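Written out below as structure tokens is the structure these notes cover.
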Amino acid sequence: MIAQVVLNGFITGLALALPALALTLSYRILKFANFAVGAMLTLGAYFAFVLNVTLHLPLIVAAIGAAALLAATLIATDYLVFARLRDRTAITLLVASIGISFIMENIARLIFGNGSQNFNVAIMGGYQRWNLRFNAEQGYTAITAFAGMIAVYLLLGHTRLGRSMKAVADNPELAAVRGISREAVIRRAWAVNGVLLGAAGVLVGLERGIDPQLGWSYLVSVFAAAILGGLGSPVGAVLGAMTIGVVQELSTLVISPNYREATGFCIIAFILLLRPQGLLGTVSLKK
Amino acid sequence: MTSPAPALSLRQISAGYQGANIVNDVTVDIAPGEIFTVIGPNGSGKSTLAKVVAGLIPTAAGEIWIGTSRLSGLSAPERVRAGLGYVPQEFNIFPNMTIGENLAVAVEFLGRSRGAMAKRREAVLAMFPEAGDRLRMRAGLLSGGERQLLAFACAMMSGPKLLLLDEPSAGLSPIMTAKIIDRITSINKTGVTIFMIEQNVTEALRISTRVMVLVAGAVRVLASPTEFGAKYDLHKVYLS
Amino acid sequence: MTAYLVTILIFVCIAILLGFALNLQWGVCGMANFGLVGFFTLGAYAAALVALSGAGSLAAVAVAALVCAAGSAGLALISLRLSDEYLAILTLGFGQVIGLVALSETWLTGGSLGLSGIPRPLTGLVPEANYEPVFLLLLIVSVAAIYVVLELLQRSPFGRVLRAIRDDDVVAATLGKNVAAMRVKAFAIGGAIIGVAGAFHSFYLTYIDPSQFTTAITGYTFMAVIIGGRGSNKGLVLGAATIIALIESTRFLKDAVEIVDAGQLAALRLIFVGAGLVLVLIYRPQGIASEYQLKSASLFDREDGRPIEAAPAEGERS
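Residue numbers (this note's numbering), protein chains in the order written: chain A, 871 to 1157; chain B, 4 to 243; chain C, 721 to 1038.
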């Protein structure tokens, strides 16, 4: 029934909010759309998998570990690749990020194979209230997503780091002459990305299992969320994610579930035709 | 008795973009406490010179010193720590952040203690009373003149010994210009050396200790305002 | 051995066609087509379906080209005045959707079982034994024809404006509307070429299924275009040949030394593609072949001896 579908959609949307936030942050600060966001999600899931299944750590600990490991990986990736392309055209960075995604996803594929894995967690029960079913995984997703969103909100609005990110996103030259090192802020931005994507990777892995394709199939949805919200607006990213989640779940009522991922594409096309700046963003025109 | 080190020392500075030098062999020493103004026709390289001193454009040749510290080779953020304050000509505030955030950001990344930062804040707010009760307002909503004042305030947050101003009165009404010029002289009286790029020659001559004319990237004249008024015809100098 | 060489050359030719298309779309117009394999799939299935309906190979190729051109034009139109990342995600999403359709719409595409028994061109005229070399010849002729068309296009006013746009953003701004329309046209032409490549793929294999169309193809094509020097078709031929040679040599390696299985080999190749893309973008953004290309004279050079094609170094673009 509809209400159940909408509820499921909210939860899906919440899970999508974290990677959408990460994409938005890196877009604003680094000025390019990171097509490797899906692959980074995959890596996060696999980091957690190794910590949880191979090293027998509880999932919470594994999640925190994955967040830290991914943050370090992204800082290293920036140092090795993105830093060397720092002031190139956006399209070069796009292609480079696709290259990075090939590398990341296939390292996972190389090590773990194509099959789907699962975290080691006790079977979680469910709840029922007002005719709506709600399971514990969904609960964890909601809690983690909310925690992530609140953390980002506080970070951007009330911390020194957040102010430095806004400054560099706005005007890196001015930030420099006010004493802010662009490179240091960029490193920290990747670290934040890593934490968000690590946590999100665990959530996605919980919901649909961990396999090398995990991020790739999420990629379009993450972009759809960010574009719907307006590329560059964190609040927009969250709103966009919730909307995409609900629309995707509702779409399963009318079209085959195989095409769930296709809804993201259709939504993007739709938005770009009607209102390219999304809900809360400003449109970025071709030079 | 040795004279104190110059507040700013430019030694044979040449700089430009991709091979073509916009600034050629500029040499000048600015004494502490001076108000030193650079004037010149459009395209003479004045803004480039300011950006070179600020550390935004690399030098092709020459050295820059502030007091006894060598600025050459330092990044822009490092120069702020060395005592340089810079107000760019445009885009000199963060419009999407509040006034309070603009001020905070200008002093938070210099490795200072909380106490020191709080003291700077007080000092700057005293100098710039306009800011006081509007700290939560988005800076983008300020008028042109108010933005300029905010930009000054932000540059002053780091407690600089030398303040670099790029066309501070550009695009402002005569009243606002007078206010800005007034503010500059007050700042100077607190001991901050001023190195200023200006289009407005009259005002420049009025408050400056010395004036330098830059034409096509080279120094044409370096004199006090009185000497300047007596000896030089500005038109001829600009066209030379 | 000859049969093997013929097969390899056929794959090289198809790769060259894909490369020509991406070169036009990305190398010349700066439009990232991350859904290249999706258009390839579309062309292959369209051609297969038309050929299977008995309408003949020519019709099949034409329909494939048209369908892909239309799809490309559509995506380009949607993202017309927007910056690069929008077209990139649109094409990527489109590619995924095409893959989903190929896999799910069993009534049309045969689902995971695909389509088989696809009729080939010229079968009536050539004895079975000699077919493959003749097919290769047909393919080479087509590649050459398309090459000539593209070169003429580069030298036409259309091509000159496109190159001017790529090299100077101010020009683009002043030309306004026209630029947008031209980009769409160029993207569509590229799409048509991908469709043709897809048709040849269907004809050659006579059996297609979704597993043949992997993201790797998009990756390899980008690699070929970068290696060859963006915008340079001559260099591209070198790039495409290099890529195929590398792929095939890893196949031999795998058979000879059994460290990795097929799945791991596929993964290794993609890591190589990713790393290759990144490395070349960092260290040789103008490509590897472009230097040779500048030095060699060509039939198509201008009278004053200056070569016409020259992909600018990445750093020169603002």
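The beta-carbon is built from N, C-alpha and C at its ideal position, and this holds for glycine as well.
Given the structure is predicted, the values throughout are model-derived calculations rather than measurements.
Using a cut-off of 9 angstroms between C-beta atoms, extract the partners of residue i located in chain A.
i, result
"Gly983/C", "Arg979, Leu980, Gly983 and Asn984"
"Val108/B", "Arg1030, Arg1033, Ser1034, Lys1036, Ala1037, Ala1045, Arg1048, Gly1049 and Ile1050"
"Ala793/C", "The premise fails here: Ala793/C is roughly 13 angstroms from chain A at the closest Cβ pair, so nothing lies under 9 angstroms."
"Gly994/C", "Ile968, Gly969, Ile970, Ser971, Phe972, Ile973, Met974, Glu975 and Asn976"
Out of the options, which has the shortest C-alpha to C-alpha gap to residue i?
i, options, result
"Ala892/A", "Leu1089/A, Thr1122/A, Tyr1129/A and Leu921/A", "Leu1089/A"
"Val817/C", "Thr1152/A, Phe1140/A and Gly1134/A", "Gly1134/A"
"Ala158/B", "Asn95/B, Thr193/B, Arg117/B and Gly114/B", "Asn95/B"
"Gly915/C", "Ile1002/C, Ala790/C and Gly750/C", "Ala790/C"
"Ala906/A", "Val931/A, Ala1012/A and Val1092/A", "Val1092/A"
"Ala53/B", "Gly36/B, Val90/B and Ala23/B", "Val90/B"
"Ala57/B", "Leu1044/A, Ala885/A and Gly1099/A", "Leu1044/A"
"Ile184/B", "Gly162/B, Leu77/B, Gln151/B and Met160/B", "Gln151/B"
"Glu206/B", "Gly65/B, Phe39/B, Arg137/B and Pro7/B", "Phe39/B"
"Cys1136/A", "Ala1095/A, Gly1049/A and Met871/A", "Ala1095/A"
"Arg209/B", "Lys239/B, Thr229/B, Arg186/B and Phe198/B", "Thr229/B"
"Ala822/C", "Pro841/C, Asn743/C and Gly834/C", "Gly834/C"
"Met943/C", "Ser931/C, Leu966/C, His921/C and Phe923/C", "Leu966/C"
"Ile934/A", "Leu1066/A, Thr1113/A, Thr1122/A and Gly1079/A", "Leu1066/A"
What residues of chain A sit near residue i, judged by a beta carbon separation below 8 angstroms?
i, result
"Pro91/B", "Glu1043, Leu1044 and Val1047"
"Met100/B", "Arg1033, Lys1036, Ala1037 and Asp1040"
"Glu104/B", "Arg1033 and Lys1036"
"Ala57/B", "Val1047"
Is it the case that the Cβ atoms of residue i and residue j are separated by a distance below 8 angstroms?
i, j, result
"Gly143/B", "Pro171/B", "no"
"Ser17/B", "Val26/B", "yes"
"Gly36/B", "Thr196/B", "yes"
"Leu1101/A", "Gly1148/A", "yes"
"Phe933/C", "Phe740/C", "no"
"Pro1104/A", "Thr882/A", "no"
"Gly914/A", "Ala936/A", "yes"
"Thr1011/A", "Leu911/A", "no"
"Ile1056/A", "Leu900/A", "yes"
"Glu852/C", "Ala723/C", "yes"
"Ala1015/A", "Ala887/A", "yes"
"Ser967/A", "Asn1063/A", "no"
"Gly86/B", "Lys164/B", "yes"
"Arg989/C", "Ala936/C", "yes"
"Ser50/B", "Gln15/B", "no"
Taking 7 angstroms as the line, does the beta carbon of residue i fall inside it for any heavy atom of the ligand ZN?
i, result
"Val965/A", "This structure does not include the ligand ZN; it has no bound ligands of any sort."
Going by DSSP, name the residue or residues bridged to residue i.
i, result
"Glu66/B", "Arg14/B"
"Gly794/C", "Per DSSP, none; premise fails for Gly794/C."
"Ala226/B", "Val214/B"
"Ala928/C", "Correcting the residue identity first, residue 928/C is Ile in this sequence and not Ala. Leu835/C, per the DSSP bridge assignment."
"Gly996/A", "Asn1005/A"
"Asp169/B", "Ile200/B"
"Leu87/B", "Leu165/B"
"Tyr20/B", "Ala23/B"
"Gln987/A", "Ile1080/A"
"Asp32/B", "Ser12/B"
"Ser72/B", "Ile69/B"
"Arg141/B", "Thr101/B"
"Val110/B", "Bridge partners of Val110/B: none, in fact."
"Ala1096/A", "Partner(s): none; Ala1096/A has no beta bridge."
Whose Cβ in chain C lies nearer than 8 angstroms to the Cβ of residue i?
i, result
"Arg956/A", "Going along chain C, no residue has its Cβ under 8 angstroms from Arg956/A, so there is no contact; the nearest lies around 11 angstroms."
"Val1090/A", "Ile809, Leu812, Gly813 and Gln816"
Using a Cβ-Cβ distance cut-off of 8 angstroms, determine whether residue i contacts chain F.
i, result
"Ser799/C", "Absent from the structure is chain F; the protein chains it does hold are A, B and C."
What residues of chain A sit near residue i, judged by a beta carbon separation below 7 angstroms?
i, result
"Val904/C", "Per Cβ cutoff of 7 angstroms: no residues; Val904/C is ~12 angstroms from chain A at best."
"Arg84/B", "Gly1049"
"Leu113/B", "Gly1049"
Closer than 9 angstroms by beta-carbon distance: list the chain C residues that pair up with residue i, in chain order.
i, result
"Glu1159/A", "Any answer about residue 1159/A is impossible in this case: the structure gives chain A only from 871 up to 1157."
"Gly1085/A", "In chain order: nothing, as chain C lies at least about 12 angstroms away."
Legend entry - chain B contacts made by the stretch 1030 to 1055 of chain A, where a contact means CB separation under 8 angstroms: Along the stretch 1030 to 1055 of chain A, going in chain order, the ones with a CB nearer than 8 angstroms to a CB of chain B are Arg1030, Arg1033, Ser1034, Lys1036, Ala1037, Asp1040, Asn1041, Glu1043, Leu1044, Ala1045, Ala1046, Val1047, Arg1048, Gly1049, Ile1050 and Ser1051.
Legend entry - Selection of the stretch 804 to 817 of chain C by Cβ proximity to chain A, strictly under 8 angstroms: Of all residues in the stretch 804 to 817 of chain C, Asp804, Glu805, Tyr806, Ala808, Ile809, Leu810, Leu812, Gly813, Phe814, Gln816 and Val817 have a Cβ within less than 8 angstroms of some Cβ in chain A.
Inset, instruction - Anything in the stretch 817 to 829 of chain C with a Cβ closer than 7 angstroms to a Cβ of chain A? List those residues in chain order, please. - result: Across the stretch 817 to 829 of chain C, CB contacts with chain A closer than 7 angstroms involve Val817, Leu820 and Ser824, in sequence order along the chain.
Inset, instruction - Could you run through the stretch 918 to 951 of chain C and flag, in chain order, every residue whose CB is less than 7 angstroms away from some CB of chain A? - result: For the stretch 918 to 951 of chain C, residues whose beta-carbon sits nearer than 7 angstroms to a beta-carbon of chain A comprise Gly939 and Phe942.
Legend entry - Residues in the stretch 143 to 170 of chain B having any Cβ partner in chain A nearer than 7 angstroms: Residues passing the 7 angstroms Cβ filter: Cys157 and Ser161.
Legend entry - Interface positions of the stretch 126 to 144 of chain B facing chain A (Cβ-Cβ less than 7 angstroms), listed along the chain: From the stretch 126 to 144 of chain B, no residue has a Cβ closer than 7 angstroms to chain A.
Inset, instruction - With 7 angstroms as the C-beta to C-beta threshold (strictly closer), list the residues of the stretch 203 to 215 of chain B near chain A in chain order. - result: Cβ contacts with chain A come from no residue of the stretch 203 to 215 of chain B.
Inset, instruction - Give, in chain order, every residue of the stretch 749 to 774 of chain C whose Cβ lies closer than 9 angstroms to some Cβ of chain A. - result: For the stretch 749 to 774 of chain C, residues whose beta-carbon sits nearer than 9 angstroms to a beta-carbon of chain A comprise Gly750, Met751, Ala752 and Phe754.
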